[in-house]
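Residue numbers (the working numbering), protein chains in the order written: chain S, 35 to 180; chain P, 35 to 180. We put the CB at the ideal spot given by N, CA and C, even for glycine. For reference, the structure is listed below as structure tokens.
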DNA sequence: CTCACCGTCCCCACTTTTCCCCACTTTGTG
DNA sequence: CACAAAGTGGGGAAAAGTGGGGACGGTGAG
């Protein structure tokens with residue numbers, strides 16, 4: 035279980051420290067790829083395995099083909115240095131719009147990496163906003179047909 | 035079962051004492067996160083487990099992605115020091131508007147942490163208000179569709 | 001084929017934060 | 001009134017995060 039938001043520096047070599055709390059839960063075989071809303075996502079092996087359902091074949095619909103290409107094409111296995119940092123490739127930094135700072139966020143089963151603006155926009159919430167969204171999801175769950 | 039309201043100090047390091055009565059009911063694995071109306075909430079493990087259904091994957095709808103990010107991003111596993119205190123992160127203190135004092139409130143299955151103003155506003159009630167709200171809830175239960 | 005350049009990774013040193021420990025104050029209880 | 005339990009405050013060691021130098025290997029140009 036990954037919890038919490040951490041603001042970390044990204045140095046000139048593209049390195050970001052993964053919080054120690056997360057690192058100790060990440061076995062080798064962890065994968066980093068692109069995610070929705072312009073973030074990067076770290077998948078522990080067991081979570082990555084769930085995404086294996088997404089495959090190319092003669093009967094795969096166009097949308098899934100596209101998703102599979104983006105997701106797997108952008109993916110890489112994570113390599114930690116002795117300080118617990120991973121390197122974000124130029125490509126990944128560009129996709130996420132990351133320059134000197136990154137927000138590393140634990141989202142239950144995954145870890146996400148965001149730039150300043152996007153995280154402020156998506157992740158931070160005023161009490162009013164938070165209350166509204168919580169109620170919205172609760173409502174939807176109660177009446178899933180809508 | 036958590037009952038009662040306690041007014042505790044928050045020191046310069048962001049630490050708050052959890053009342054001893056509550057602490058003895060809290061096993062390891064207790065989680066603190068943001069709650070509705072600008073409070074913080076402490077979930078004992080069995081309560082937190084209910085929230086685990088919310089996961090990220092390539093098929094998670096947008097609203098749930100948003101809620102998951104806010105909720106888990108703001109959460110932390112509680113770590114008690116030898117004096118029975120937990121640390122509220124700067125982020126959590128800002129969300130709840132907590133500076134030097136916090137109200138720690140037992141609300142049956144959860145524990146909530148409030149700042150002065152909000153708690154006065156939400157928690158204290160005149161007899162008239164109390165009656166009105168009780169009737170309102172009773173009404174809704176009778177006709178859940180509204 | 002050789003050399004220069006670039007990117008990657010490994011290592012070391014410094015800074016900042018966290019958390020562990022101790023001591024004091026206050027509250028509640030016998 | 002005295003003792004015990006609960007809450008408060010702060011100092012210091014250890015861990016986590018940050019930044020940069022330099023070796024190694026691969027690539028492309030001359």
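Exercise for review: Determine the burial state of residue 46/S: buried for a count of at least 16 other Cβ atoms within 10 Å of its Cβ, exposed for fewer.
Suggested key: exposed
Review point. Can we say the segment 128 to 147 of chain P touches the segment 60 to 75 of chain P, given the rule of at least three CB pairs closer than 8 Å?
Key: Using a Cβ-Cβ distance cut-off of 8 Å, the segment 128 to 147 of chain P and the segment 60 to 75 of chain P are in contact, since at least three pairs of beta carbons, one from each stretch, lie closer than that value.
Review point. How many angstroms separate the CA atom of residue 123/S from the CA atom of residue 90/S?
Key: 26 Å
Check your understanding: In chain order, what residues of the same chain have a beta carbon less than 6 Å from the beta carbon of residue 145/S, not counting five sequence neighbours either side?
Key -> 36, 56, 76
Exercise for review: Leaving out five residues on either side along the sequence, give the residues of the same chain with a beta carbon under 6 Å from the beta carbon of residue 42/P.
Suggested key: 50, 51, 136, 138
Review point. Below 8 Å, can you find three or more Cβ-Cβ pairs linking the segment 148 to 165 of chain S to the segment 90 to 109 of chain P?
Key: yes
Review point. Under 8 Å between the Cβ atoms of residue 39/S and residue 115/P?
Key: no
Review point. What residue from 177/S, 175/S, 159/S has the CA that sits closest to residue 100/P's CA?
Key: 159/S
Point to revise | Same chain only: Cβ atoms within 7 Å of residue 142/P, ignoring 5 sequence neighbours per side | key: 35, 36
Exercise for review: Would you check whether the ligand ATP has a heavy atom nearer than 7 Å to the C-beta of residue 95/S?
Suggested key: By its list of ligands, the structure shown contains no ligand whatsoever, and the ligand ATP lies outside what it can speak to.
Review point. Ends of the alpha helix (DSSP H) at residue 101/P?
Key: 96 to 107
**Study point:** Opening and closing residue of the alpha helix (DSSP H) in which residue 167/S lies
**Key:** Run containing residue 167/S: 161 to 176, per the alpha helix (DSSP H) assignment.
Review point. Among 177/P, 61/P, 95/P, which one has its Cα closest to the Cα of residue 111/P?
Key: 61/P
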